[in-house]
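Here is the structure we will look at.
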Amino acid sequence: MKIQFYPADIVARSRSEKAELGLYGRTNSGDLILVEYGGFRPYFWAVLSQELEEGIKSRAGSDEAHEMKYLSKKAGLYEQLKAISVKKNDGSSIYVSEIEISKKRFLGKDIEAAKVFCALPSDVEELREHAKSIGFSVFEADIPFSRRFLVDNEITPLALCEAEGEFINQKSRVPVFLAERLYKVSDEIMPRFKIIAFDIETYNPQGKIAIPEKDPIVMCSFYAPGFEKVLTWKRFPTKHSYIEFVKDERELIERFKQIVLEHKPDFLTGYFSDGFDLPYIKSRADFNKVELDLGLDYSPLAIRRGQLTTCRIIGIPHIDTLRFIRNIVARSLETSYLDLDSVAHELLDERKEDIDIAGLASAWDNSPEKLEEFCKYNLKDSMLTYNLLDKTLPNLIELIKIVRLSPFDVSRMSMSQIVEWYLIREAKNFNELVPNKPSHNDIIWRKSQTYQGAFVFEPQPGFYRDIVVFDFRSLYPSIITTHNISPDTVNCDCCKDGKEDIEDLNNWFCRKRKGFISTVISDIITRRMRVKEIMKSADAKDLKLLTAREQALKTIANSMYGYMGFFAARWYSIECAKSITAYGRYYIKQVIDRAMEAGFNVLYSDTDSVFLALGKKSRPDAEKFLQEINRELPEMMEMEMEDFYPTGIFVSAKAGAYGAKKKYALLSEKGKMKIRGFETVRRNWSRIGKDVQEHVLSIILKDGDGRKAFSYVKEIIEKLRKKQIPLEKLTIFTQLQKELDSYSSVGPHVAVAQRMKELGRVVGPGTVIPYIVVEGKGKIRDRAKLPEEVSQKSYDAEYYINNQIIPSVGKIFEVLGYKEEDLLGESVESKKQKNLSAFFKK
C-alpha cells in the first residue's frame, strides 16, 4: 500500500545489523506516523592518494604494457579496499559490503573515486581508518547518516513524501509503517503546524537564581491557540480556568509529560529551553524519580552538553526559539538585547507581564494570594514564545527547504553551517566530492592568516543636510559570479596570463570553466530576482513566505564571502577571500572617483555603500549619476539608491580630525533614525546609556535643538546621582564568548559568571551575563554584582556617568562645541550654545 506524509523529524537506528531510518511526520489526514525505511546504505568515498597514484604511474612506465600494469596495480588496491574486514571485541565483524567506482570532480579536477558501502553508520569510522592505511584519501565519512539520506534522496523535511509498504506492529506511541520505497512527491509544505510553547518558573529564594539540585519547579505553563494551561502545586483562590493545581512537584512533572504526549505537537518550543527549561525539568525529574520518556519511541529526553546544550525529543522536534533568533534573526533586529521582553517588543509589539519575578519565592512562602499574578506572568511568557516562533516560522521553513535538513537541526545552525550544508546539498548535483573538515593544524594555520578588508572613506565629523546613500546590490555575491571566484577556479593553469591589473589582486580565476561556488551563487541571485518579481503581485498570505524566501536566499548569498574566509570551512580559500575584497575596493573607489568628478561631496564610504551630500546638486542629478554608474558596471552588478536623508551626523574618532568608521546617525524623510557604530548598538552597554544616546540623537536630528539635548543629559546625570534611575536600566548584559576557564583576564562579566556557576547556574559560551556595578573599593570586577544582589541605593552613579553616559554622548556633543567637562559641570547652562544650524556643513 501507499501512504503520503510530511516528515518532520528523522532518526538513524539499526535493526538486525542493518541501518534503518525513522521518519516521524503527519499524513495527509493529519495523523502522526513513523515511517521506517531500510533501503539506504551508509557509505563514504575513497580516492587513491595523489602520492600513491603518482608512485604507481612512475613505476609502471608510459607505454601500453606499462599502462596495463598500472591499471592492474590500481585494481589490486581496490580489491584490498573491498576486502577490508575488522573483527570486533564481541567476535562479530564489520566489513566493506560493496564498492562502486565512479567519476567525480574535486576542486576543479576530474578524479576516480570508490563509493564504499557498509552495514551500519557506526562502521564508517573504523573502515575509513583501514582505507587510509591502504593508501586512500577518504571523503564524506563525517556526514551524519540521516543527513546524508535527506541530501542524497532530495527529501525536504516538512514537504510531501510518499512511501510504499505496510503497517507493522512495533512498540511506538504512533502507528509504524515499514516502507520498501520512499521518495519525495513535491515541494508542497505541510499546510499547518501544531505548535505548543512552554515555560517554567522555579522557586528562587535568592531572587532570580534557582539551583536545580535543590530548588523545585513551582509553575509550568503551556500555550497554543485554544489551549492555555498553568500547572502549579500551591493552592490559592482563582477564577482562571487555565490554572490547574497538582499535588506536588512530582505530579507537576508527570503532568508536563502527559500534556506533551497528549498533544504530540509538530514543534515543542521554549525560549532558552535548550539552556534552561528542559535541562531544569530533567534535573527535577531525576530528583523526583520521574521517567521523562517523552520520545514517540519511548526514549528519554536526550540532553547533549557541549559548547551549547542541546535537548532532543525523538519524534517531537524541539525548537529553542531564542537559539534560532540569536543565530539567524538577530542580524535584522534593531534591539541589542535578545531577552524575551525585548525581542517580543520589536517583533510582536508586545511585552512580558510587568511583575518582579524575584518576588516569586516570597509570595510562594508567605502570600499565596499573590501567586495568581505570577501564573499570568508564566502563561504570558509561553504565549510570547509561541507568537515569536509563529512569526519567524516562515524564515525557518525557507531555510529548511534550502538546505534539506530537519527543523531540529536547522533551528540550531549558525549562518556558516547553513551555507556549508547548502553547498553539501549542491555538491551532489554537481557530482562534486565534499572537502573534509580542516584538521587541528589546518585551523591553527588558517587562524594565522589575515587579509585586507573593505575600503573605508573616512568622514569629516559634523552635521550634514540632504544626504543620498547609494549601495551595491549584493556586492560580494555579484563579484563572485562576475569574476568566477571559487576554490576550484583560483590560479588555474589554463588562464595564468589572464590576471587583471587591479590593486592588491594577486590571483586569477579560470575563464574557461565556471566554478562550483560561483555557479551556486549565480543560481541564488537569479532565484532571488525571480522571487522579488513574484512578490510584486503576490497576495498577503504568499507574500509572507516569499519575503522569508527572498531573505533566506539573500542571507546565504551574502554569507558566502565570509564563509570562504572562515577557518573551519570545508571550502576554505584565503585566495578567494582576498580577491573578493580586492575587487570590492576597486569598484567602490571607482564610484567615489566618478562622484567627485561629477561634483558631489563624498561624505563617507564603507564596503558597498557611498554617502553623498547633494549640496547644490538635486535628487534628479543623483538619480542620473546612478544610471550612468550602472551602465558601466558588469552585467551582474548594480548600484541602488538606499534612501535620502534630510539630516545626518558623523562624529569624530578618538584621535584625529576625521570621523570614526561606521559611526553615524541619519534621519530619513519618514522620521526613522538609522544609527550605526554608536554605543547604542553594542551589546555590552546598559539600557540607560543606550536610551540617553538615542534620545540625544533624536533631539538633534529631529528637533535641531542642541540646547535641549544638552539639558536632557544634565538631568539624567542628576537623576543618577540622586539614585532615581531604575536598576533594570543600569543592568549591563555581556555574552560569554568561551568557557570560563579559557579567560586569561577576568572582566566584570566573567567574575559574575563565576559567581553564577558557584550558585549552581549553567553558564558557558553564549550565556548572556547580567550585572550592575555598585559603590565600593577595588576593581570594577570586584564591584560587579548580579541585579538581584543590588539595592536601589547601592549602585555606583559615578561609574555609570563616566563609563556609560559620557562615552555614549561625548563625541556627539563634541561636534556641537561642548567638552566632556561641560556635561559633568554642575550648571545646566554651563556653556552658551550657538544655534545648531551653525554646525551644519555644506
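If you read the sequence shown in my numbering, its first letter stands for residue 151, the second for the next number, and so on. We treat Cβ as the ideally placed atom computed from N, Cα and C, and that holds for glycine. Quantities reported herein were computed from a predicted structural model and do not represent experimental measurements.
Check each candidate in the options and name the one with the smallest Cα separation from residue i.
i: residue 625; options: 195, 380, 363 and 785; result: 785
i: residue 558; options: 294, 160 and 942; result: 160
i: residue 389; options: 275, 282 and 525; result: 525
i: residue 906; options: 924, 930, 939 and 689; result: 939
i: residue 801; options: 858, 828, 822 and 266; result: 828
i: residue 959; options: 859, 338, 903 and 322; result: 859
i: residue 269; options: 338, 170 and 880; result: 170
i: residue 682; options: 580, 700, 735 and 436; result: 700
i: residue 272; options: 458, 282, 263 and 293; result: 293
i: residue 310; options: 341, 280 and 286; result: 341
i: residue 166; options: 227, 289, 181 and 242; result: 242
i: residue 580; options: 476, 974, 664 and 762; result: 664
i: residue 470; options: 406, 722, 546 and 265; result: 546
i: residue 254; options: 578, 937 and 793; result: 578
i: residue 554; options: 818, 566 and 575; result: 575
i: residue 762; options: 468, 614 and 873; result: 614
i: residue 798; options: 497, 723 and 813; result: 813
i: residue 757; options: 424, 789, 168 and 774; result: 789
i: residue 604; options: 422, 252, 755 and 892; result: 755
i: residue 943; options: 957, 673, 923 and 498; result: 923
i: residue 147; options: 861, 403, 770 and 601; result: Within the shown structure, residues of the chain are numbered from 151 to 992, placing residue 147 beyond reach of any answer.
i: residue 871; options: 952, 908 and 818; result: 952
i: residue 482; options: 491, 702 and 738; result: 702
i: residue 638; options: 230, 257, 234 and 179; result: 257
i: residue 680; options: 457, 704 and 691; result: 704
Hey, residue i and residue j are a contact pair by Cβ (cut 8 Å); roughly how many whole angstroms apart?
i: residue 787; j: residue 632; result: 6 Å
i: residue 289; j: residue 583; result: 5 Å
i: residue 950; j: residue 890; result: Wrong, their Cβ atoms sit about 26 Å apart, outside the cutoff.
i: residue 465; j: residue 447; result: 7 Å
i: residue 760; j: residue 620; result: 5 Å
i: residue 494; j: residue 501; result: 7 Å
i: residue 353; j: residue 366; result: 5 Å
i: residue 706; j: residue 675; result: With 8 Å as the limit, residue 706 and residue 675 do not qualify as a contact, their Cβ atoms being about 11 Å apart.
i: residue 487; j: residue 883; result: 6 Å
Short of 6 Å in beta carbon distance, which residues of its chain neighbour residue i, apart from the five on each side in sequence? Order them along the chain.
i: residue 715; result: 727
i: residue 917; result: 886
i: residue 830; result: Reliability of the predicted coordinates at residue 830 is poor, the pLDDT of 48 falling under 50, and no value is obtained from them.
i: residue 688; result: 696
i: residue 291; result: 194, 274 and 278
i: residue 287; result: 197 and 199
i: residue 239; result: none
i: residue 386; result: 518, 519 and 521
i: residue 173; result: 157, 160 and 185
i: residue 1076; result: The requested residue 1076 does not occur in the structure, where the chain is confined to residues 151 to 992.
i: residue 649; result: 658
Output needed for residue i: all residues of its chain with C-beta closer than 8 Å, excluding positions within five of it in sequence on either side, in chain order.
i: residue 105; result: Absent from the model: residue 105. The displayed extent of the chain is 151 to 992, so no value can be given.
i: residue 807; result: Unreliable placement is indicated for residue 807, whose pLDDT of 46 sits below 50; the coordinate value is still reported in the next sentence. Only 610 and 611 meet the Cβ criterion.
Spatial neighbours of residue i within its chain, please: CB distance less than 7 Å, with the 5 preceding and 5 following residues excluded, ordered by chain position.
i: residue 875; result: 838 and 869
i: residue 693; result: 685
i: residue 370; result: 348, 350, 381, 402 and 406
i: residue 599; result: 724
Should the segment 185-197 be called in touch with the segment 321-334, which here means at least 3 C-beta pairs below 8 Å? yes
Output the residue ranges of the alpha helix (DSSP H) runs that lie fully inside the segment 487-549 and measure 4 residues or longer, sorted by chain position. 490-498 and 510-516
Quick check on the DSSP output: what are the complete beta strand (DSSP E) runs of length 3 or more inside the segment 863-949, in order along the chain? 882-885 and 918-923
Uninterrupted alpha helix (DSSP H) stretches inside the segment 717-796 (no shorter than 4 residues): 724-747 and 769-782
Starting from the N-terminal side, write out each stretch of the beta strand (DSSP E) that is 3 residues or longer and does not extend beyond the segment 572-659. Whole beta strand (DSSP E) segments, 3+ residues: 612-622.
Which runs of the beta strand (DSSP E) at least 3 residues long sit entirely within the segment 389-473? Give them in chain order. 393-395, 417-420, 452-454, 460-462 and 468-470
Any contact between the segment 628-647 and the segment 606-617? By contact I mean 3 or more CB pairs, one from each, below 8 Å. no
The segment 525-545 touching the segment 335-347, judged by at least three CB pairs closer than 8 Å: With a cut-off of 8 Å, the segment 335-347 and the segment 525-545 count as touching, because enough Cβ pairs lie within range.
Report the start-end ranges of each alpha helix (DSSP H) in the segment 251-324 that is 4 residues or longer and not cut off at the edges. 273-284 and 295-302
At a cut of 8 Å, does the segment 450-459 reach the segment 428-436 through at least three beta carbon pairs? Taking one beta carbon from each stretch, the segment 450-459 and the segment 428-436 have 3 or more pairs nearer than 8 Å; the two touch.
Any 3 or more C-beta pairs closer than 8 Å across the segment 732-740 and the segment 645-654: yes
Cβ pair count under 8 Å reaching 3, the segment 921-935 against the segment 894-903: yes
For the segment 322-356, list the beta strand (DSSP E) runs that are entirely contained and at least 3 residues long, ordered along the chain. Here the runs fully enclosed are 326-339 and 345-352.
Would the segment 562-569 count as touching the segment 295-302 if we require 3 or more Cβ pairs under 8 Å? no
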